[in-house]
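Everything in the sequence shown is counted per my numbering, starting at 22 for the first residue and increasing by one. Ideal Cβ positions, reconstructed from N, Cα and C, are used throughout, including at glycine. Everything numeric in this text was worked out from a predicted model, so none of it was measured. Beneath this line is the structure, given in structure tokens, with notes to follow.
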Amino acid sequence: MAVKALGSWVRAVDARDAGALLRLHRELWIDHDLRGGMPAAREDTVWTAYGGVLERQLSHRDGRRAPTGPFEGKLGHLVAELEGRVVGQVEVYLDRFGFHARTPHIAELRSLIVTQDARGHGLGGALVREAAASSRARAGDVTLVSAEVLARNEALAFYDRLGFRTLERLSALSAPVARTPGISVRTARPGDAGELTMIDHRTRQRRWSWGDPRFDPPSTSVGADLVRLIADGIALDDAQRGSEPGRAREEIIARDATGRLVASAYFVTSPLGAPFAPVIRAEVARLAADPDDEASVAGAFAVVGEAFERASAFGARELLVRTPFLDPIGANLAELPGARHFSWILAAPAGTILRRSTKP
Ligand SMILES: CC(C)(COP(=O)(O)OP(=O)(O)OC[C@H]1O[C@@H](n2cnc3c(N)ncnc32)[C@H](O)[C@@H]1OP(=O)(O)O)[C@@H](O)C(=O)NCCC(=O)NCCS
């Protein structure tokens with residue numbers, strides 16, 4: 022593993038690290054809460070219970086039994102030591118959003134932290150570089166490392182130095198969205214799948230042209246198989262409606278006065294558990310609309326407005342809306358009254374990170 026400087030190094034996590042990881046997680050999630058991220062639990066009892074979870078999760082990693090490397094299936098976990106003390110950590114989740122040979126494996130960084138008094142020694146950079154190297158060793162040369170960074174976090178400068186660039190924005194809405202008359206919204210039905218497939222296809226083409234490399238290149242045509250897949254997805258969401266408290270998966274569509282399907286939003290909610298405060302996280306995970314078409318833009322605002330109302334009914338305080346960084350609709354949503362920049366999704370090829378330094 023990477024030896025960065027005398028007295029500091031990065032290695033795979035071990036069962037003995039559970040106590041140190043609990044302290045690091047607590048520091049990280051309270052820091053994120055104070056920066057406008059998801060609210061963290063403050064009660065000692067919750068954190069003690071969470072410590073027990075970490076201990077159980079790591080108990081089989083005793084340095085003699087497998088796994089000995091940072092990865093266990095799709096999950097990687099690294100810690101940084103400084104003079105014999107565990108002072109930092111990062112988790113990595115390996116995923117892939119397609120099948121094309123050039124579509125990268127995604128190594129998503131999670132919970133990166135170096136404790137306050139150990140910062141500025143290069144350990145944060147060493148953790149990200151080691152995560153990039155071990156992900157590439159596992160998934161292959163075409164590996165893209167991604168991270169979500171809160172908008173109010175100066176760590177953006179840190180990622181910038183490592184070669185990351187912004188792919189998506191998440192905006193947080195906390196007030197209702199004004200609707201344009203003539204636009205009607207409702208939950209999608211399987212019969213909408215044909216039209217939905219078409220606007221989804223154009224949204225994929227736009228995302229591709231805006232330079233997001235995480236997905237397969239959009240196909241040149243839309244086939245009946247894809248329409249059936251989307252119809253099945255809608256039917257499945259419908260069948261699962263209400264099956265778990267606080268959990269929603271709904272495609273919301275907007276039609277203009279002529280009945281044309283002009284926009285859609287995939288709305289998801291999930292209840293957060295420890296170490297977060299017990300709140301509902303609500304998100305528009307996919308917004309499909311044409312920024313060059315006035316009715317479609319009005320439709321986008323209408324589906325987001327509808328998602329906001331549904332989120333409020335679920336008890337969520339905010340609705341997060343995820344859009345490509347270059348999408349003007351996303352930029353306009355972020356300017357609505359009661360909206361704020363929540364976070365950025367950044368990414369860099371593993372090879373780029375390994376050539377960079379966090380030092381100027
Ligand atoms: C981001 C973080 C992991 C960096 O760890 P680190 O060990 O200090 O990072 P490094 O020493 O490898 O790199 C430091 C360089 O990156 C930049 N950098 C790191 N953190 C920065 C920050 N908070 N603000 C501005 N620049 C920062 C600096 O330019 C610094 O260069 P310098 O040494 O010349 O000052 C650490 O600040 C941290 O844990 N922050 C709180 C948790 C967090 O925000 N995690 C990221 C979640 S997305």
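Assigned exposure category for residue i - 16 Cβ within 10 Å defines buried
i, result
"Gln110", "buried"
"Arg186", "exposed"
"Ser317", "buried"
"Pro345", "buried"
"Glu265", "exposed"
"Thr218", "buried"
"Asp116", "exposed"
"Trp231", "exposed"
"Val24", "Caution applies to Val24, whose pLDDT of 47 falls short of 50 and renders its modelled position unreliable; the value that the coordinates give is listed next. With fewer than 16 other Cβ atoms within 10 Å, it is exposed."
"Leu171", "buried"
"Glu151", "buried"
"Asp138", "exposed"
"Glu104", "exposed"
"Phe322", "buried"
"Pro358", "exposed"
"Pro296", "buried"
"Ser240", "exposed"
"Arg106", "exposed"
"Leu55", "exposed"
"Pro91", "buried"
"Pro349", "exposed"
"Thr69", "exposed"
"Phe335", "buried"
"Phe120", "exposed"
"Gly28", "exposed"
"Ala306", "exposed"
"Asp65", "exposed"
"Phe363", "buried"
"Asp213", "buried"
"Asp221", "buried"
"Ala260", "exposed"
"Ile374", "buried"
"Pro202", "exposed"
"Gly145", "buried"
The beta strand (DSSP E) enclosing residue i, as first and last residue numbers
i, result
"Ser307", "Correcting the residue type first, residue 307 is Arg in the shown sequence and not Ser. Its beta strand (DSSP E) spans residues 301 to 310."
"Ser317", "Looking at the DSSP string, Ser317 is not in any beta strand (DSSP E); the run it does join, the alpha helix (DSSP H), is 315 to 334."
"Thr344", "340 to 345"
"Leu177", "Leu177 -> not in any beta strand (DSSP E); alpha helix (DSSP H) instead, spanning 176 to 182."
"Leu103", "96 to 103"
"Thr187", "186 to 194"
"Ala73", "As written in the sequence, residue 73 is Gly, which differs from the Ala given in the question. It is not in any beta strand (DSSP E) - Gly73 instead sits in the alpha helix (DSSP H) that spans 65 to 79."
"Ala337", "No beta strand (DSSP E) contains Ala337, which DSSP labels as neither H nor E."
"Gln137", "Where Gln137 is concerned, there is no enclosing beta strand (DSSP E), given that its DSSP letter is neither H nor E."
"Thr201", "Thr201 -> no beta strand (DSSP E), and no H or E assigned at all."
"Ala168", "164 to 171"
"Gly28", "From DSSP, Gly28 is part of no beta strand (DSSP E); its letter is neither H nor E."
"Asp116", "106 to 117"
Rounded distance between the beta-carbons of residue j and residue i, thought under 8 angstroms
i, j, result
"Val324", "Ala286", "4 angstroms"
"Ile255", "Arg210", "7 angstroms"
"Glu93", "Ala193", "Glu93 to Ala193, Cβ: 33 angstroms. No contact."
"Ser156", "Gly97", "7 angstroms"
"Asp253", "Glu271", "Between Glu271 and Asp253 the Cβ distance is about 15 angstroms, and since that is not below 8 angstroms, they are no contact."
"Pro125", "Val163", "5 angstroms"
"Asp35", "Arg77", "Not quite, the Cβ-Cβ distance comes to about 15 angstroms (not below 8 angstroms), so this is no contact."
"Gly320", "Asp277", "7 angstroms"
"Val31", "Ala101", "5 angstroms"
"Ala337", "Ala310", "Incorrect: roughly 22 angstroms between the Cβ atoms, too far for contact."
"Glu129", "Val113", "7 angstroms"
"Ala368", "Leu188", "5 angstroms"
"Leu75", "Ser132", "Actually they are not in contact, since the Cβ atoms of Leu75 and Ser132 sit about 11 angstroms apart, beyond 8 angstroms."
"Ala153", "Ala371", "4 angstroms"
Host alpha helix (DSSP H) of residue i (start-end)
i, result
"Gly372", "371 to 376"
"Ala158", "144 to 160"
"Leu55", "39 to 55"
"Glu356", "First-last for Glu356: undefined, no H or E at that position."
- Message: To test your reading of the DSSP string, which unbroken alpha helix (DSSP H) runs of 4 or more residues are found completely within the segment 204 to 244?
- Response: Runs of the alpha helix (DSSP H) lying entirely within the segment 204 to 244, each at least 4 residues long, are 214 to 230 in chain order.
- Message: What ranges does the beta strand (DSSP E) occupy inside the segment 235 to 293, keeping only unbroken runs of at least 3 residues that lie completely in it?
- Response: Listed in chain order, the complete beta strand (DSSP E) runs (minimum 3 residues) inside the segment 235 to 293 are 269 to 276, 282 to 292.
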